[in-house]
Structure formats: structure tokens, C-alpha cells
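Residue numbers (the numbering used here): 636 to 877.
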């Protein structure tokens with residue numbers, strides 16, 4: 636029987652021995668480099684190592700999944716150690732990714748906060764692996780866009796909240812550096828093509844250098860992500876507007 640959840644911590648283990656916070660036959664714990672040992676679960680939680688995965692959170696997650704059986708992925712709200720809440724992201728053709736408002740109710744989103752995303756194994760099988768060429772702050776955003784091309788949708792419900800063991804920055808702070816903007820440009824090109832890259836580049840012109848330097852590989856990745864795309868104009872609107 637498959638496990639109910641696998642937890643995959645983003646980033647390398649750095650050679651440290653890992654002691655799971657608790658053991659459960661329905662749960663597996665892995666680091667990102669152990670991807671091939673995981674995926675024997677109905678749902679996979681990708682989390683930074685600062686996220687506190689507890690039994691209460693998993694129980695709430697299971698209840699949410701049962702309430703929305705047709706959803707392929709979920710973007711929980713994160714409560715940082717400084718009591719700040721961080722929410723998932725919508726897609727902005729000029730800004731890249733923007734956090735949804737704190738008043739947002741149940742809705743589809745373009746990406747989770749970079750520290751946490753939950754995906755069903757059925758959509759992972761259609762989407763493939765994380766792109767290890769991208770930094771941690773863009774991996775889940777890229778993966779969620781690719782998932783939408785594969786026919787999936789990511790959903791946000793405001794009452795699904797996870798705690799962080801540390802103070803974590805907002806997605807805006809994580810994505811505002813020059814290197815992150817270059818990776819955002821590459822993510823947009825992979826999933827939205829030349830027009831999407833042009834719109835983003837108008838407001839971030841320095842990112843064009845990164846685009847042109849990697850254009851050959853990005854063209855191949857764009858074709859792989861979108862050749863059988865099921866990402867409709869209606870869904871694009873739903874994950875792009877408040």
C-alpha cells in the first residue's frame with residue numbers, strides 16, 4: 636500500500652544525519668537528492684528545512700484533500716516564527732510572481748510560497764522532476780507552471796496553515812535579487828514563451844542577458860513543457876488576477 640504522504644526537504648542534506656520529528660507508517664521523510672527513493676505516496680510535500688511538519692498540519696492537510704478531491708496541488712499559508720503570514724503567488728506578466736492578498740479566499744494560484752508546496756502523485760507523474768538548474772526560490776514556481784501545462788491546478792484555502800521553525804522572508808524578498816530575477820525570466824520563458832519573456836523583460840531589462848545566454852536550452856525546455864499543454868486562457872486568468 637502506498638503511503639499517504641512523502642515529505643521531501645528542498646536542498647541538499649549537507650551530509651547531516653536526519654532524525655524525523657515523528658515516525659508513521661503512512662509517512663516518508665526524504666531529502667531532495669533522494670527523490671528516487673520517494674514518490675511511493677499519494678501526496679508529496681516539498682518543503683524547505685525550516686518548515687515544521689507536524690501531525691496537526693498533516694491531519695488538516697488530509698481533511699482539506701478530502702474536501703477537494705479534484706484538486707491536484709495545494710499551497711498552504713505559512714506562519715513564520717516572527718508571526719508573519721506568507722501566502723502563495725499569482726502570476727504577473729510584468730512583475731513575475733506576486734503574493735495574493737491576505738483577504739483572498741479559496742482560489743487557484745500560480746505558485747506556492749517558495750518554502751512549501753503540496754502535489755498529488757498523479758500530477759507529479761505527468762509533470763516530471765524539479766528543475767535543479769533553478770535556485771530554491773524558483774523551483775516550486777516553475778514546477779507549478781509546468782504542472783498546469785500537464786493539466787493540473789494548485790488551490791489555496793486560507794485555513795490550511797503550516798508553522799515555520801524559523802523566521803522566513805516573504806516571497807517578494809526572496810525573488811527581488813538580481814539572480815532571482817534572472818531565474819524568474821528563465822522560468823517565464825520556459826512556461827510562457829517569447830511573449831511572456833518580453834513582457835517581463837520590459838520591466839527587468841537586465842534579465843534579457845541571462846535569457847540570451849541560455850536561449851538554446853530554454854527553447855528545448857519550453858517545447859517540452861508546452862508541447863501538449865492543457866493550460867487554458869481561462870486558467871491563466873484565474874491565476875493572474877486578484
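A virtual CB, placed ideally from N, CA and C, is assigned to each residue, including glycine.
Note that the structure is predicted; figures quoted are calculated from it, not measured.
Pull up the distance between the alpha-carbon of residue i and that of residue j, whole angstroms please.
i, j, result
"residue 639", "residue 848", "42 Å"
"residue 781", "residue 860", "6 Å"
"residue 792", "residue 698", "12 Å"
"residue 760", "residue 802", "33 Å"
"residue 642", "residue 854", "32 Å"
"residue 871", "residue 784", "10 Å"
"residue 812", "residue 771", "13 Å"
"residue 866", "residue 766", "19 Å"
"residue 846", "residue 717", "36 Å"
"residue 692", "residue 755", "17 Å"
"residue 647", "residue 670", "11 Å"
"residue 763", "residue 737", "32 Å"
"residue 732", "residue 663", "31 Å"
"residue 684", "residue 863", "34 Å"
"residue 674", "residue 876", "33 Å"
"residue 852", "residue 789", "27 Å"
"residue 858", "residue 825", "8 Å"
"residue 874", "residue 800", "29 Å"
"residue 679", "residue 786", "17 Å"
"residue 688", "residue 704", "22 Å"
"residue 666", "residue 844", "33 Å"
"residue 868", "residue 749", "25 Å"
"residue 837", "residue 694", "44 Å"
"residue 878", "residue 828", "Any answer about residue 878 is impossible in this case: the structure gives the chain only from 636 up to 877."
"residue 686", "residue 856", "30 Å"
"residue 757", "residue 668", "21 Å"
Name the DSSP beta bridge partners of residue i, please?
i, result
"residue 686", "799"
"residue 790", "709 and 743"
"residue 870", "Paired residues: none, contrary to the question."
"residue 678", "640 and 755"
"residue 663", "641"
"residue 720", "714"
Assuming residue i and residue j are in contact, meaning their beta carbons sit under 8 Å apart, how far apart are those beta carbons, in whole angstroms?
i, j, result
"residue 690", "residue 798", "With 8 Å as the limit, residue 690 and residue 798 do not qualify as a contact, their Cβ atoms being about 12 Å apart."
"residue 777", "residue 842", "With 8 Å as the limit, residue 777 and residue 842 do not qualify as a contact, their Cβ atoms being about 15 Å apart."
"residue 696", "residue 753", "7 Å"
"residue 769", "residue 747", "No, residue 769 and residue 747 are not in contact; Cβ-Cβ is about 15 Å, not under 8 Å."
"residue 712", "residue 795", "7 Å"
"residue 820", "residue 807", "Wrong, their Cβ atoms sit about 17 Å apart, outside the cutoff."
"residue 850", "residue 818", "Not confirmed; about 15 Å, so no contact."
"residue 676", "residue 637", "6 Å"
"residue 734", "residue 805", "7 Å"
"residue 661", "residue 751", "That pair is no contact at about 19 Å."
Whether or not the segment 714-723 and the segment 827-836 are in contact is what I'm after, with contact meaning three or more pairs of Cβ atoms, one per stretch, closer than 8 Å; do they touch?
Cβ pair count under 8 Å is below three, so no.
Notebook entry, point to check: Should the segment 653-660 be regarded as contacting the segment 727-745, the criterion being three or more beta carbon pairs within less than 8 Å?
Noted result: At 8 Å Cβ cutoff, the stretches do not touch.
Runs of 4 residues minimum, wholly inside the segment 724-765: which ones carry the alpha helix (DSSP H) assignment?
Whole alpha helix (DSSP H) segments, 4+ residues: 756-762.
Could you check whether the segment 696-716 touches the segment 725-733, counting it as contact only if at least three pairs of C-beta atoms, one from each stretch, sit closer than 8 Å?
Cβ pair count under 8 Å is below three, so no.
Only counting runs of 4 or more residues, tell me where the alpha helix (DSSP H) segments fall wholly within the segment 799-840, in order along the chain. Those alpha helix (DSSP H) runs which fall completely within the segment 799-840 and span 4+ residues are 806-810 and 813-838.
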